[in-house]
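Residue numbers (the working numbering): 2 to 136.
One structure is given here, and the rest of the page talks about it.
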Amino acid sequence: MAERKPHGMSFGSWVDRQIAAAEARGDFEDLPGAGKPLPPPTGRDAATDWALRRARDGDVEVSSFLPPSLALPREIQDLPKKLAAVRSEQRVREIVEDLNARIREAHRRPQEGPPLRAWPLDVDETVEQWRASRA
C-alpha cells in the first residue's frame with residue numbers, strides 16, 4: 002500500500018520525497034527506452050494531435066480552440082462579413098443576440114486566458130449598419 006501524505010506537508014514535497022525514495026531503491030533503472038529521446042508525435046497518441054488534424058481537415062472551426070476572451074473579439078471583427086450573406090433582418094438580429102448571449106455568458110464564467118474586453122453589441126445599431134451595407 003502506498004504511503005499516505007503526512008499532515009502539513011505539501012503535495013509537491015511529498016511527491017519529491019516519494020521520487021527520491023524510488024530512485025534510491027533503483028526503481029527507475031533499466032526501464033525500456035532509458036537514455037533514448039522521446040519519439041515525435043505520431044498523430045495517434047495525443048488529444049492535441051487529434052485536434053490539430055481535425056482543424057487541418059476543416060472539421061472543426063479553429064476559433065473553437067481559443068479561449069472566449071480571444072474567440073469572441075475575433076467573431077465580432079468577422080461579423081460584418083458574416084452578416085453580408087444574411088438576407089433577413091430577423092436573422093441578423095438572431096445572430097447578434099446569440100453573440101451577445103455568449104459574450105454575457107463568458108463574462109459570468111471564470112476567465113480563461115487573457116481578460117475578455119468585448120462587450121455585447123447594440124442590436125439595433127448593428128442592424129442599421131447591416132442595412133447601410135446593403136444599400
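Every residue, glycine too, gets a C-beta built ideally from N, C-alpha and C.
Everything numeric in this text was worked out from a predicted model, so none of it was measured.
Residue i versus residue j: straight-line alpha-carbon distance, rounded
i: R5; j: R110; result: 35 Å
i: E76; j: R132; result: 20 Å
i: K37; j: I20; result: 21 Å
i: L67; j: D58; result: 18 Å
i: L122; j: A86; result: 19 Å
i: M2; j: D28; result: Low per-residue confidence applies at M2: pLDDT is 45, beneath 50, and the placement is therefore not dependable enough to give any value.
i: E90; j: K82; result: 15 Å
i: S134; j: E98; result: 19 Å
i: V61; j: R55; result: 6 Å
i: S65; j: S11; result: 36 Å
Neighbourhood of residue i by C-beta distance below 8 Å, restricted to the same chain and skipping five residues each side
i: E129; result: none
i: V93; result: L84, V87, T127, V128, W131
First and last residue of the uninterrupted alpha helix (DSSP H) at residue i
i: A69; result: Looking at the sequence itself, residue 69 is Pro, so the reference to Ala does not match. Run containing P69: 69-85, per the alpha helix (DSSP H) assignment.
i: A48; result: 48-58
i: A133; result: 124-135
Which of helix, strand or coil DSSP assigns to residue i
i: A25; result: helix
i: E106; result: helix
i: D31; result: coil
i: G13; result: helix
Cutoff 7 Å; reference residue i; Cβ partners in own chain excluding five residues on either side
i: L73; result: R103, I104, A107, L117, A119
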